[in-house]
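Report on one structure; see the data block that follows.
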Amino acid sequence: MKRKKETTNRKGVALLVVLLIVMTATILSLGFLSRSDVELACGENMLLRTQMDYLAESGLAHAKGLILSPQDVSSEYWTGDTRQQLVANSSDYYDVNVVKVGECNYQITCETYREKGGEKVGRSGIKAELRLDPCIAFWAAGTWMSEPQSTVNGDVYCTEALKGNGDINGDAYATWGITALYIEGHKNEWVTQAPIDWPGLVVSDFSSNYYIGSSTYSVHIVDSNVHTAGNFNPSASNPAGVRYHSGDFELPGGVNINGMLVVDGNLMVTGANNYVTSVKNFPALLISGEVIMENGGTLAINGLAQIGERIYVNVGAANVNVNVVGGLFIANGNIDGLNGSSPTNSFTITAAPNIASIEVWPEADVAKRWSPVGGGFFRSIARN
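Residues in the sequence shown are numbered consecutively from 58, following my numbering.
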């Protein structure tokens with residue numbers, strides 16, 4: 058009887074031990090499962106964060122591409138947009154905000170997120186400053202002797218040497234030496250190739266008509282006897298506002314052209330308050346000859362100006378002012394006549410690639426795109 062009781066007790070203990078082992082195994086298994094769930098969730102979060110980080114970088118690339126190609130946006134420059142997608146019909150979005158902090162500098166902020174159940178999850182943010190470089194404001198042919206009356210806000214390229222003591226608030230490029238005194242940026246001497254292409258506009262492409270895509274439009278032919286003040290604007294038949302004249306042409310003062318002035322000859326500026334403002338994607342000024350500044354002559358150009366010969370300040374001229382916002386490109390010559398001229402004379406050239414970039418059509422459906430910008434880089438990138 059006693060031996061039977063001992064056997065029963067051993068069986069009970071064995072059962073308890075088995076139950077304890079099973080319970081321990083169960084707890085350990087639950088722990089492993091819990092840890093696996095946590096690690097899986099961490100892995101998914103890390104994957105989501107990586108995807109959002111890369112999407113934010115895509116947003117920067119999107120902004121950079123449109124800033125370098127302002128022809129592709131309807132506004133002055135691309136200011137950003139919301140709910141952009143890299144993959145259509147996905148749940149991942151990015152919002153981009155672009156602020157111009159200088160003519161060649163832009164601040165870009167990008168926020169990315171995934172939408173789930175109407176809520177934003179997995180956010181990431183990035184902020185960067187984009188510098189357009191090179192950003193040519195003035196292209197001078199030959200050797201340019203800059204004078205104190207001249208200021209360039211942007212980069213300069215000379216096909217020969219750059220000398221003088223004018224203010225250059227940017228980088229300087231020259232195929233020969235650079236001895237100019239006041240250059241804020243880098244000196245790039247003995248360059249073997251221009252930092253950007255020449256605009257390559259041709260007067261004959263705007264002498265009677267011009268194209269926008271496959272459509273043709275008539276230019277406004279200005280008679281040789283018409284030298285009057287007034288406002289001249291685009292029209293339905295001439296949306297670029299192109300005004301063409303064959304031979305020498307005079308701006309007597311008080312002329313405000315919203316569009317493009319094309320002169321197959323010399324342009325003489327004899328009075329004050331002359332303005333030429335380009336229509337988007339078109340140049341402002343195209344002159345095959347010289348621009349001659351007479352006493353009291355002032356000219357403000359907003360957009361791209363391509364001039365065949367020099368800009369010349371007539372001897373003894375005073376109160377002469379030329380202000381270019383966009384880009385000034387001279388094929389044969391530069392700015393002459395400032396040396397020793399009146400201190401009341403001034404030339405200011407400011408790079409503005411967003412209005413100097415062009416898209417024109419020498420032929421139907423044959424587009425020519427050009428920009429004074431050679432590229433761009435991010436000066437700083439910080440993640441939020």
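Ideal placement from N, C-alpha and C gives every residue a C-beta, glycine not left out.
As the structure is a computational prediction, the values presented were derived from the model and not from experiment.
Legend entry - Among Gly122, Glu160, Cys167 and Gly373, the one whose alpha carbon lies nearest that of glutamine 141: Looking up residue 141 in the sequence shown gives position 84. Looking at the Cα atoms, Cys167 is the closest of the given residues.
Inset, instruction - Under 8 Å by Cβ, that's how I've got threonine 334 and asparagine 359 pegged, so tell me the actual separation to the nearest angstrom. - result: Position 277 of the sequence shown, counting from 1, holds the residue named residue 334. Position 302 of the sequence shown, counting from 1, holds the residue named residue 359. Confirmed, Cβ separation roughly 4 Å.
Inset, instruction - Check glycine 311 in the structure and name its three-state DSSP category. - result: Mapped onto the sequence shown, residue 311 falls at position 254. Glycine 311: coil per DSSP, three-state reduction.
Legend entry - Three CB pairs or more closer than 8 Å across the region 426-440 and the region 116-133: yes
Legend entry - Beta-carbon contacts of alanine 439 that lie in its chain and below 6 Å, excluding the five residues immediately before and after: Translated into the one-based positions of the sequence shown, residue 439 becomes position 382. Excluding positions up to five away in sequence, the list reads Lys184.
Legend entry - Whole-angstrom distance between glycine 322 and methionine 350, CA atom to CA atom: As a working mapping, residue 350 is identified with position 293 in the sequence shown. As a working mapping, residue 322 is identified with position 265 in the sequence shown. Between methionine 350 and glycine 322, the C-alpha separation is close to 15 Å.
Legend entry - Reference threonine 407, options Asn376, Glu160, Gly116 and Thr139, closest by Cα: Residue mapping note: residue 407 aligns to position 350 of the sequence shown, counting from 1. Among Asn376, Glu160, Gly116 and Thr139, the Cα nearest to that of threonine 407 is on Glu160.
Inset, instruction - State the DSSP-derived secondary structure class of valine 379, mapped to helix, strand or coil. - result: Taking the sequence shown and counting its residues from 1, the one referred to as residue 379 is at position 322. DSSP places valine 379 in strand when its eight states are reduced to three.
Legend entry - 6 Å Cβ shell around valine 156 - same chain, five flanking residues per side excluded: Working through the sequence shown from its first residue, we reach residue 156 at position 99. Once the five neighbours on either side are set aside, the close Cβ partners of valine 156 are Gln164.
Inset, instruction - Could you check the C-alpha separation between isoleucine 314 and asparagine 290 for me, to the nearest Å? - result: The residue you call residue 314 lines up with position 257 of the sequence shown. The residue you call residue 290 lines up with position 233 of the sequence shown. Taking the straight line from one Cα to the other gives about 6 Å.
Legend entry - Ranges of the alpha helix (DSSP H) found wholly within the region 151-197, counting only runs of at least 4: none
Inset, instruction - State buried or exposed for serine 132, treating a residue as buried only when at least 16 other CB atoms are found within 10 Å of its CB. - result: What you label residue 132 is simply residue 75 of the sequence shown in a count that begins at 1. Classification for serine 132: exposed.
Inset, instruction - Report the rounded CA-to-CA distance for leucine 143 versus leucine 112, giving the unit in angstroms. - result: The residue you call residue 143 lines up with position 86 of the sequence shown. The residue you call residue 112 lines up with position 55 of the sequence shown. Going by the C-alpha atoms only, they are around 8 Å apart.
Legend entry - Uninterrupted alpha helix (DSSP H) stretches inside the region 350-433 (no shorter than 4 residues): 410-413
Inset, instruction - Would you please state the rounded distance, in angstroms, between the beta carbons of tyrosine 186 and asparagine 162? I believe it to be under 8 Å. - result: As a first step, residue 186 must be located in the sequence shown, where it is residue number 129. As a first step, residue 162 must be located in the sequence shown, where it is residue number 105. Looking at the sequence provided, one finds glutamate at residue 186 rather than tyrosine. Contact holds; Cβ gap of about 6 Å.
Legend entry - arginine 300 burial status per 10 Å Cβ neighbour count (16 or more: buried): Residue numbering aside, residue 300 sits at position 243 when the sequence shown is read from its first letter. With 16 or more Cβ atoms within 10 Å of its Cβ, arginine 300 is classed as buried.
Legend entry - Under the three-state DSSP convention, the category lysine 337 falls into: Residue 337 sits at position 280 when you count from the first residue of the sequence shown. Lysine 337: coil per DSSP, three-state reduction.
Inset, instruction - Could you confirm whether any beta carbon from chain B is found closer than 8 Å to the beta carbon of serine 403? - result: The question asks about chain B, but that chain is absent: this structure has only one protein chain.
Legend entry - glycine 221, DSSP secondary structure in three states: Taking the first residue of the sequence shown as position 1, residue 221 is located at position 164. Looking at glycine 221 - three-state DSSP - the assignment turns out to be strand.
Legend entry - For valine 451, the nearest candidate out of Ser294, Glu241, Tyr267 and Ala218 (CA to CA): In the structure as shown, the chain begins at 58 and stops at 441. Residue 451 is therefore absent and cannot be evaluated.
Inset, instruction - Thinking aspartate 444 and serine 294 are a contact (beta carbons under 8 Å), I'd like their distance in whole angstroms, please. - result: Residue 444 is absent from the structure shown; the chain starts at 58 and stops at 441.
Inset, instruction - Determine the burial state of valine 377: buried for a count of at least 16 other Cβ atoms within 10 Å of its Cβ, exposed for fewer. - result: Position 320 of the sequence shown, counted from the first residue, corresponds to residue 377. Counting Cβ neighbours within 10 Å, valine 377 comes out buried, since at least 16 surround it.
Legend entry - Same chain only: Cβ atoms within 8 Å of asparagine 210, ignoring 5 sequence neighbours per side: Position 153 of the sequence shown, counted from the start, is the residue given in the question as residue 210. The residues are Glu160, Ala194, Asn226, Gly227, Thr405, Ile406, Thr407 and Ala408.
Legend entry - Assumed close pair leucine 354, glycine 328 - CB separation to whole angstroms, cut-off 8 Å: Stepping through the sequence shown from its first residue, residue 354 is reached at position 297. Stepping through the sequence shown from its first residue, residue 328 is reached at position 271. Checking the sequence, you will find glycine at residue 354 rather than leucine. Rounded, the Cβ-Cβ distance is 6 Å, consistent with contact.
Legend entry - Contacts around tryptophan 233, its chain only, beta-carbon distance under 6 Å, and the 5 residues preceding and following it disregarded: Against the sequence shown, residue 233 aligns to sequence position 176. Only Glu217 and Ala218 meet the Cβ criterion.
Legend entry - Candidates Val320, Tyr134, Leu356 and Asn222, of which the one nearest asparagine 338 by Cα: Walking along the sequence shown from the start, residue 338 turns up at place 281. Ranking the options by Cα distance to asparagine 338, first place goes to Tyr134.
Legend entry - Given 8 Å, three or more beta-carbon pairs between the region 237-248 and the region 259-271: no
Legend entry - Neighbourhood of alanine 374 by C-beta, 8 Å cutoff - its chain only, sequence neighbours within 5 removed: Along the sequence shown, read from residue 1 onward, the residue named residue 374 stands at position 317. Within the same chain, alanine 374 has close Cβ partners Met350, Glu351, Asn352, Gly353, Gly354, Gly394, Ser398, Ser399 and Asn402.
Legend entry - Where tyrosine 80 falls, given that 16 or more other Cβ within 10 Å makes a residue buried: Residue numbering aside, residue 80 sits at position 23 when the sequence shown is read from its first letter. The sequence given here places methionine at residue 80; tyrosine does not occur at that position. With fewer than 16 other Cβ atoms within 10 Å, it is exposed.
Legend entry - Exposure label - leucine 238; buried when at least 16 CB within 10 Å: One-based indexing of the sequence shown puts residue 238 at position 181. Exposed, since its Cβ has fewer than 16 Cβ neighbours within 10 Å.
Legend entry - isoleucine 269 (DSSP reduced to helix, strand or coil): To locate residue 269, count along the sequence shown from 1; it is residue 212. Looking at isoleucine 269 - three-state DSSP - the assignment turns out to be strand.
Inset, instruction - Can you give me the start and stop residues for the beta strand (DSSP E) that glycine 137 sits inside? - result: The sequence position of residue 137 within the sequence shown is 80, counting from 1. Looking at the DSSP string, the run of the beta strand (DSSP E) that includes glycine 137 is 137-141.
Inset, instruction - Going by DSSP, name the residue or residues bridged to valine 299. - result: The sequence position of residue 299 within the sequence shown is 242, counting from 1. The partner list for valine 299 (beta bridge, DSSP) reads Met317.
Inset, instruction - Identify the continuous beta strand (DSSP E) that holds phenylalanine 289 and give its terminal residues. - result: Sequence index remark: in the sequence shown, residue 289 carries index 232 (1-based). That run of the beta strand (DSSP E) goes 287-289.
Legend entry - Collapsed DSSP secondary structure at isoleucine 253 in the structure displayed: If you number the sequence shown from 1, residue 253 lands on position 196. In the structure shown, isoleucine 253 sits in coil (DSSP, three-state: anything other than H, G, I, E or B).
Inset, instruction - May I ask you to report which of helix, strand or coil DSSP gives threonine 232? - result: Position 175 of the sequence shown, counted from the start, is the residue given in the question as residue 232. DSSP places threonine 232 in coil when its eight states are reduced to three.
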